[in-house]
Ligand SMILES: Cc1cc2nc3c(=O)[nH]c(=O)nc-3n(C[C@H](O)[C@H](O)[C@H](O)COP(=O)(O)OP(=O)(O)OC[C@H]3O[C@@H](n4cnc5c(N)ncnc54)[C@H](O)[C@@H]3O)c2cc1C
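Dropping the structure here:
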């Protein structure tokens, strides 16, 4: 069995993220890293493999992105994935969800032909675009069941059962492999790469594929053909400094309530 | 005028406020038509509600074949409805589930998709709040029928009488769409407080509560507010995940947000930074949350909040 984990290289959320002049995300000026929410996906892939001792299970980390995005795959390899695939092509720059999911789907199909793709795992969202739509799009394109936003994952044979939080309820979802699965940050802390893992990762295979390797026409992807276009981006003006009081002998509560009353909240 | 499909947000036929907000927005793009996934018996009652906000048509899609499975059947049904009605746009309340429905629909009908809009203007230009609320983005779908998921509190609902003509729509759901089965559902117990994403006031607690949410809940109740939590409070098991505010929880944009014992990490800000007025109680004067506030109290929430609760009650008489 082979598990494909989709990982995205994103600008560090704690840094000053910006846009380029063409309104695409600045992926150069800010340090990038493996999206923290995809670490949970890598972790669940590794746990899946570990829980099924005795079965032959491999984990392939897959990313689509510019040169530096290979670092996201490397991190997954350091955590314990067996092999990596990096799809990189100048034509991909500025792709929207639609085109990104197309390239990912084609890459999954190619991995499937070589090593299998019985389980495709994604994080619940990227930390830059926060769309939470790529897993569903992948499932649609691959014609696989989508089992999304899992916080607890159990499996037996080819049967998968997950628990998830929905708007007004918690749900148990069942499906049969192969599936596309997405996992939340409630699914369990991701491991740190060990020293041994970091050393071992250097010897693991990391393939680089272009669009032509996937049979995708360059005219189908990228900024100019995106099905939605950004017209403008504006930095939110910093909030004007508010009034801060220090509570002394109960003065804080009075000041707080006076403020709320002055704003007509009471 | 072309129809604009609005997917009705409801719990067991009980129409929720974001539906009215979306119908209001839909009027800027065309003629609103509500799409109700639910029991056909509830169709008329839903129509009575949504016609007050301008719904000319109400498509009722029997969800008997749909509700037992995740996302895919809904996307299939919408695809068929889109083929029949050729709408000018499709608006959905921006829940995780609807975003996924929209995602699959976008691929099916070859249309662009915009998620988490906080405003949609005439002509279909959307506004989104990105990078933890540090930027706003103006964007537009340029291919196919615009599919837009819209966050709660994105418009003030405006009443206007629509015809509200009920039309049953029979969707055909393929077996391929019924592959992820909802095996069990456990409804969450209602707290009796307003819904987190819809509330005008949200009072939240973090690690600084030390696990005692009573002061936070008491203050929330005095103000008629919803209760929220940081991930630290959720991870500690003090509050269920449904109450989490932030990047991986709910995004709220209330009139007033009160953060108690919350440091103000970027991921928490992502869920509350666009609130109109922000107040914090934190015992650390250096806490980053104070960079955001309109009013802040440096102090212990365990003493400040109960005293403030008493004072609010006194004022309200
Ligand atoms: C991928 C990812 C996603 C995340 N998603 C979210 C998310 O959705 N939501 C979220 O909230 N976080 C999220 N986080 C976590 C986030 O980074 C912070 O760790 C978290 O918000 C901290 O919660 P906190 O402010 O309650 O705790 P802390 O940062 O520990 O702050 C506690 C605060 O309480 C104050 N305090 C302590 N005692 C008292 C007292 N008696 N009275 C008053 N003040 C007191 C302290 O001064 C401190 O400022 C995410 C992190 C990652 C990596």
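Protein chains in written order, with our numbering: chain U, -18 to 247; chain B, -8 to 308.
Beta carbons: idealized from backbone N, C-alpha and C, even for Gly.
- Three or more pairs of CB atoms, one per stretch, sit closer than 8 Å, so the stretch 197 to 208 of chain B contacts the stretch 221 to 232 of chain B.
- By alpha-carbon distance to residue 232 of chain B, the top candidate from U/7, U/132, U/123 and U/2 is U/132.
- By the rule that beta-carbons nearer than 8 Å mark a contact, residue 183 of chain B does not touch chain U.
- Listed along chain B are 124, 125, 126 and 127, each with a C-beta nearer than 7 Å to that of residue 217 of chain U.
- Residue state for residue 6 of chain B is assigned as strand, using DSSP reduced to three classes.
- For residue 165 of chain U, the nearest CB of chain B lies under 8 Å from its own CB, placing it at the interface with that chain.
- Residue 22 of chain U sits close to residue 164 of chain U, with the two beta carbons spaced by under 8 Å.
- Not flagged as an interface residue toward chain B: residue 29 of chain U, since no C-beta distance is shorter than 8 Å.
- In this structure, residue 132 of chain B and residue 102 of chain B form a Cβ contact; the two beta carbons are roughly 7 Å apart against a cut-off of 8 Å.
- A contact between stretches requires three or more CB pairs, one per stretch, nearer than 8 Å, and the stretch 41 to 55 of chain B meets this requirement with the stretch 2 to 22 of chain B.
- If the five residues before and after residue 176 of chain U are omitted, its C-beta is found closer than 7 Å to no C-beta atom of its own chain.
- For residue 52 of chain B, same chain residues with a beta-carbon under 6 Å away, outside a window of 5 residues either side, are 28, 68, 160 and 162 in chain order.
- Residues of chain U with a Cβ closer than 9 Å to the Cβ of residue 90 of chain B are, in chain order, 112, 113, 114 and 117.
- Taking the CA atoms as reference points, residue 72 of chain B sits about 22 Å from residue 111 of chain B.
- By the criterion of a C-beta distance shorter than 7 Å, residue 246 of chain B is surrounded in its chain by 191, 192, 267 and 268, once the five residues flanking it on both sides are discounted.
- Counting along the chain, residue 236 of chain U sits inside the alpha helix (DSSP H) bounded by residues 232 to 243.
- The beta-carbon of residue 8 of chain U is placed no less than 8 Å from the nearest beta-carbon of chain B.
- At a cut-off of 8 Å, the C-beta of residue 153 of chain U has a neighbouring C-beta in chain B.
- Secondary structure of residue 224 of chain U (DSSP, three-state): strand.
- Residue 70 of chain U has its CB no nearer than 7 Å to any heavy atom of ligand 1.
- Nearest to residue 99 of chain B by C-alpha distance, out of U/118, U/235, U/161 and U/218, is U/118.
- Rounded to whole angstroms, the Cβ separation of residue 107 of chain U and residue 18 of chain U is 7 Å, and the two are in contact under 8 Å.
- Look at residue 89 of chain B: its beta carbon is at least 7 Å from all of the heavy atoms in ligand 1.
- Residues of the stretch 123 to 135 of chain U with a C-beta atom less than 9 Å from some C-beta of chain B are 124, 125, 126, 127, 128, 129, 130 and 132, listed in chain order.
- Put simply, of B/167, B/130 and B/152 the residue whose alpha carbon is nearest the alpha carbon of residue 3 of chain U is B/130.
- Distance from the CA of residue 98 of chain U to the CA of residue 85 of chain B, rounded to the nearest whole angstrom, comes to 31 Å.
- 8 Å or more divides the Cβ of residue 156 of chain B from the Cβ of residue 93 of chain B.
- Across the structure, residue 276 of chain B and residue 289 of chain B are spaced so that their CA atoms are roughly 6 Å apart.
- It is roughly 15 Å from the alpha-carbon of residue 18 of chain B to the alpha-carbon of residue -1 of chain B.
- Here residue 24 of chain B carries a strand assignment [DSSP, helix/strand/coil].
- With distances taken between CA atoms, residue -4 of chain B lies nearest to B/41 out of B/216, B/41, B/8 and B/31.
- Against residue 235 of chain U, the close residues of chain B are 302, in the order they occur along the chain (beta-carbon pairs closer than 7 Å).
- Residue 209 of chain U sits close to residue 77 of chain U, with the two beta carbons spaced by under 8 Å.
- With contacts defined by Cβ atoms closer than 8 Å, residue 202 of chain U and residue 83 of chain U form a contacting pair.
- Rounded to the nearest whole angstrom, the CA to CA distance from residue 238 of chain B to residue 112 of chain U is 11 Å.
- When 7 Å is used as the limit between beta carbons, residue 86 of chain B is near these residues of chain U: 148, in chain order.
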